[in-house]
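Q: Before we start, here is the structure in question, set down as structure tokens.
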Amino acid sequence: MDTAQGIREAITGALGQLGISAAAETITLEFPADMAHGDYATNVALVFAKQVGMAPRDMATMIVEKLGTIDGVARIDIAGPGFINFTLSSQALAISLNEALIQDAWGASDVCPDETVMVEYTDPNPFKAFHIGHLMSNTIGESIARLLQFSGAKVIRANYQGDLGVHVACAIWGIQKLGIHPESADEFGTAYAAGATAYKEDPVAKKEIDEINTKLYERSDPALNILYDTGRTTSLEAFERIYGILGTHFDHYFFESQTAPIGKNIVITHPDIFPESEGARVFKGEEHGLHTRVFINAKGIPTYEAKELGLEKLKKDLYPETKLLIIVTGNEVVDFFRVVKRALELTYPHIADEMVHVPHGMMKLPTGKMSSRTGDVITGESLLRELAAAAKVRVTESRAGDTEKLSQEVAVAAIKYQILKQDSSKDIVFDRERSLSLEGDSGPYLQYTYARTGAVVGKAHMQGIESRVDMNAEPTEVVRLIHRFPAVVEQAARDLKPHLITQYLLSLASAFNSWYAQVQIIDTSEHAPHKVAVTAAVNRTLKNGLWILGIPAPEKM
RNA sequence: GCCUCUGUAGCUCAAUGGAUAGAGCCGCGGACUUCUAAGCCGUUGAUGUAGGUUCGAUUCCUACCGGAGGCACCA
């Protein structure tokens, strides 16, 4: 039934006849970048030629002779140094096309059927700015969550927020000194920057901030508690507004105030693993090829390290059914996670086994790295606002009903696409001008194509032309690309790489737009129903693909 | 100093060890009395340097040069 599987098995058989044993799974079958090379290509002849002592092309010829006919394959060619290229039959491609037409969940894979996975991402800190770095974590994390969900997993979305620690004390100190109202989250960033600078440069301020920190841990100062509680709520509400715009909602919120005592307890109850050193409790990473880190400082306060241990323990206590605990964060913290994971392996190995850290690159400004300590940040809200304003200029001229809503959807698409178009492990140089661009290789381009396909299909149906796949129609590039979608989704889910989806959608949209410019879809010919079917299949594929990326798909633009 | 990541076109990014290294932006040129012009077509232009492994290297290894991040009481 599955053509790719059929090809694999046929190749295994052919190799067997030549005295070479290879499992079907180990045979690589890839989509050639150039469609002139067919729908699938394999390099088995190149790989095994040496083993048999033959020239690769001769080897390929022999394999092809043994292959015989394969269900769904119209043509087999040998090309280049010895590639074997498979061109699918019109019928095989039409079957995919039809699936795209009738299946709501077209493209869904079963990489992780019914498994429960927790994805932790975004992780902003109350009392600090929600900046474009958090936007990046949120965008990548949400997309990974959806990728797994679309692959059959039950996903628990988690957000871990640092509501306790020196950074909070810095912000509180700043709020007090600057006389900021705890009800206005807008100024928390400024307060934090002031506090953080003072903490570093002014010994008196440092002492005051450390005292605030201790009091907050102990909750021993009622006036401070009120300020803290109000500010915390204000901060969290501000975050929630952004999540609403971004289309994320979390199933569980973890806080450092919860994980601190748990983590501290883990450290204290394992004195052999976390020995005392210079008044602090540390983990000697050198013994494991890593570096030493402090888990409880000399004042008895658990650090981020201990809290992280507590967090993972808490996750597993609350959700024992998980198979995977994915954590999406910036890559500045990779070494930290290596140490913590090792420490967890020694204390709770079954939890450590599930822990997967997915680091992503940093969002940098053309001027360099952002720093919330100096206040040199672009906040998520201001960026979204600017983008929406830029989008609105276009939107008002268009057919959209709710221009406010559409402007925002276009803004979200623009920023998310910029983040998801590249391998997430790399840094992104954030260019304001570029992200404001709504053309070309961009989120709005995909949205526009989606809206366009919807409009054409709608118009066709209105004129009484139904979508109907013609099994014998000559396959176009668009149809060949549609066939690839499920495999692309599967690959992206396995590798946790959303950008594979982005790249694919761009090529699909581009192929469609190109086709659209050449062909009249709605006409009076007998081919019209098939062309409408192709358009509808593109529509469905873009819809599902955009959903995975967490990019809204407006019906009209 | 040690560790990790990274270097592809003027810019921002692609390319499970494979075929002629792909897009978009910018620039220049073009088509259209047509279903959404946020669109389409054409065009210039690139693998940091030096070795090695391989039938084949942007990809793997070594060295060097450049960039980013991390390395004890921050997160």
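Quick note, in the working numbering, the first sequence goes up one by one and the last residue is 557. No residue lacks a Cβ here, since even glycine has one placed at the ideal position from N, Cα and C.
Suppose the cutoff is 7 Å on Cβ atoms and the five residues either side in sequence are ignored; what does the same chain contact list for ILE70 look like?
A: GLY6, ILE7, ALA10, listed in sequence order.
Q: State the Cα-Cα distance for the pair VAL209 and THR303, rounded to the nearest angstrom.
A: For the sequence presented, residue 209 should be read as Ile rather than Val. The alpha-carbon atoms of ILE209 and THR303 are separated by roughly 16 Å.
Q: Pull up the distance between the alpha-carbon of ALA352 and that of GLN149, whole angstroms please.
A: Their backbone Cα atoms lie some 23 Å apart in a straight line.
Q: The beta strand (DSSP E) that contains MET62, what's its start and end?
A: Element bounds for MET62: not the beta strand (DSSP E) but the alpha helix (DSSP H), 56-67.
Q: Quick check: the Cα distance between LYS405 and ASP110, rounded to an integer number of angstroms?
A: If you take the alpha carbons of LYS405 and ASP110, they lie about 34 Å apart.
Q: When you compare only the Cα positions, how much space is there between HIS350 and ASP221?
A: The straight-line gap from Cα to Cα measures roughly 40 Å.
Q: Among residues of its own chain, excluding the 5 on either side of ALA196, which ones have a beta-carbon nearer than 7 Å to its beta-carbon?
A: CYS170, ARG373, listed in sequence order.
Q: By the 10 Å Cβ neighbour count, where 16 or more other Cβ atoms means buried, how is LYS50 classified, buried or exposed?
A: It counts as exposed.
Q: In the DSSP assignment, the alpha helix (DSSP H) including GLY443 goes from what residue to what residue?
A: From DSSP, the alpha helix (DSSP H) with GLY443 extends over 443-462.
Q: Under 8 Å Cβ to Cβ from LEU147, same chain only, skipping five residues before and after it: list those, please.
A: Within the same chain, LEU147 has close Cβ partners VAL489, ALA492, ALA493, LEU496, PRO498, ILE501, ILE548.
Q: Starting from TYR348, follow the beta strand (DSSP E) in both directions and report where the run begins and ends.
A: That residue, TYR348, is in no beta strand (DSSP E); it is neither H nor E in DSSP.
Q: Can you list, in chain order, the stretches of the alpha helix (DSSP H) that have 4 or more residues and sit fully within the segment 2-58?
A: Within the segment 2-58, the complete alpha helix (DSSP H) runs of at least 4 residues are 3-17, 44-52.
Q: Would you mind stating whether PRO182 and THR230 have Cβ atoms separated by less than 7 Å?
A: In this structure, THR230 lies closer than 7 Å to PRO182 by Cβ.
Q: Tell me the rounded alpha-carbon separation between GLY53 and GLU25.
A: Cα to Cα, GLY53 sits roughly 24 Å from GLU25.
Q: Are the beta-carbon atoms of ALA238 and GLY189 separated by less than 7 Å?
A: Not in contact: ALA238 and GLY189 (Cβ atoms no closer than 7 Å).
Q: How many angstroms separate the CA atom of TYR516 from the CA atom of ALA388?
A: The alpha-carbon atoms of TYR516 and ALA388 are separated by roughly 28 Å.
Q: For VAL117, which residues in the same chain have their Cβ closer than 8 Å to its Cβ, ignoring the five residues on either side in sequence?
A: The answer, listed in chain order, is LEU148, ALA153, LYS154, VAL155, ILE156, THR322, LYS323, LEU324, LEU325, ILE326.
Q: Would you please state the rounded distance, in angstroms, between the beta carbons of LEU97 and ALA511? I believe it to be under 8 Å.
A: The Cβ separation is near 14 Å, so there is no contact.
Q: Tell me, to the nearest whole angstrom, how far the beta carbon of GLY72 is from that of ALA92; I am working on the premise that it is less than 8 Å.
A: GLY72 to ALA92, Cβ: 3 Å. Contact.
Q: Residue ranges of each alpha helix (DSSP H) run of no fewer than 4 residues wholly in the segment 395-438, ordered along the chain?
A: Complete alpha helix (DSSP H) runs here, min 4: 403-420, 432-436.
Q: DSSP state of PRO554, grouped into three classes?
A: If DSSP states are grouped into helix, strand and coil, PRO554 belongs with coil.
Q: Can you give me the C-alpha to C-alpha distance between ILE296 and LYS206, rounded to a whole angstrom?
A: Roughly 19 Å between the two C-alpha positions.
Q: Report yes if the C-beta distance between PRO56 and GLY82 is below 7 Å; otherwise report no.
A: Against a cut-off of 7 Å, the Cβ pair of GLY82 and PRO56 comes out as a contact.
Q: Got a sec, what are the start and stop residues for the beta strand (DSSP E) LEU97 sits in?
A: Segment 90-102 is the alpha helix (DSSP H) holding LEU97; no beta strand (DSSP E) there.
Q: Measure the alpha-carbon distance for PRO359 versus VAL334 and round it to whole angstroms.
A: If I take the Cα positions, the gap works out to 7 Å.
Q: Determine the contact status of ILE557 and ALA451, defining contact as a CB-CB distance below 7 Å.
A: In the sequence as presented, Ile is not what sits at residue 557; that position holds Met. Against a cut-off of 7 Å, the Cβ pair of ALA451 and MET557 comes out as a contact.
Q: Express the C-alpha separation of VAL478 and LEU88 in angstroms, rounding to a whole number.
A: About 14 Å.
Q: Measuring straight from C-alpha to C-alpha, what distance separates ASP251 and GLU120?
A: Cα-Cα distance, rounded: 10 Å.
Q: Which residue wins for smallest C-alpha separation from ALA400, given the options THR329, GLN447, LEU436, ILE465?
A: The option with the nearest alpha carbon to ALA400 is GLN447.
Q: Rounded to whole angstroms, how far is the Cβ of LEU542 from the Cβ of THR403, which I believe are closer than 8 Å?
A: Between THR403 and LEU542 the Cβ distance is about 22 Å, and since that is not below 8 Å, they are no contact.
Q: Excluding the 5 residues flanking LYS284 on each side, which residues of the same chain have their C-beta closer than 6 Å to its C-beta?
A: For LYS284, where only same-chain residues beyond five positions count, the Cβ hits under 6 Å are THR292.
Q: Return the CA-CA distance between ASP376 and ASN539, expressed in angstroms with no decimal places.
A: Between ASP376 and ASN539, the C-alpha separation is close to 41 Å.
Q: In the DSSP assignment, the beta strand (DSSP E) including HIS360 goes from what residue to what residue?
A: It spans 355-360 - the beta strand (DSSP E) in which HIS360 sits, taken as one unbroken run.
Q: How should ARG75 be labelled, buried or exposed, when 16 other C-beta atoms within 10 angstroms of its C-beta is the threshold for buried?
A: With fewer than 16 other Cβ atoms within 10 Å, it is exposed.
Q: How far does the beta strand (DSSP E) with VAL117 in it reach, from first residue to last?
A: Run containing VAL117: 116-120, per the beta strand (DSSP E) assignment.
Q: Using the beta-carbon count (16 or more within 10 Å), is ASN544 buried or exposed?
A: ASN544 is buried by the Cβ-count criterion.
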